[in-house]
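Here's the structure, in C-alpha cells; my notes come after.
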C-alpha cells in the first residue's frame with residue numbers, strides 16, 4: 058500500500074440493535090455481526106502490532122500512543 062494513501066485516523070465504532078457499525082474514512086461504512094466484529098478486531102490488532110514491529114525493525118519512528126491519537 059502506498060503510505061500517502063494510508064489513513065491516519067481511527068474509525069468510529071458503534072453497537073446498534075445487536076450489530077456493530079464501523080464508520081471509516083471517505084464515507085466507508087461496514088455493519089458486522091458481533092462475532093465477526095470481534096474476529097475483525099483481533100485481525101486488526103495482529104496487523105497493527107506486526108506493522109509496528111516492521112517500523113521498529115527498520116529504525117523509523119512510529120506513532121504508538123495506543124489510543125488512536127497521534128502523540
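In the numbering used here, the protein residues as written are 58 to 128.
Note that beta-carbon positions come from the ideal geometry of N, C-alpha and C, so glycine has one too.
- Contiguous alpha helix (DSSP H) elements confined to the region 81 to 112 do not occur, taking only those with 4 or more residues.
- By the neighbour-count definition (other C-beta atoms within 10 Å, threshold 16), residue 113 is an exposed residue.
- Within the same chain, 64 come within 6 angstroms of residue 82 by CB-CB distance, once the 5 residues on both sides are set aside.
- Taking the Cα positions, residue 73 is about 26 angstroms away from residue 103.
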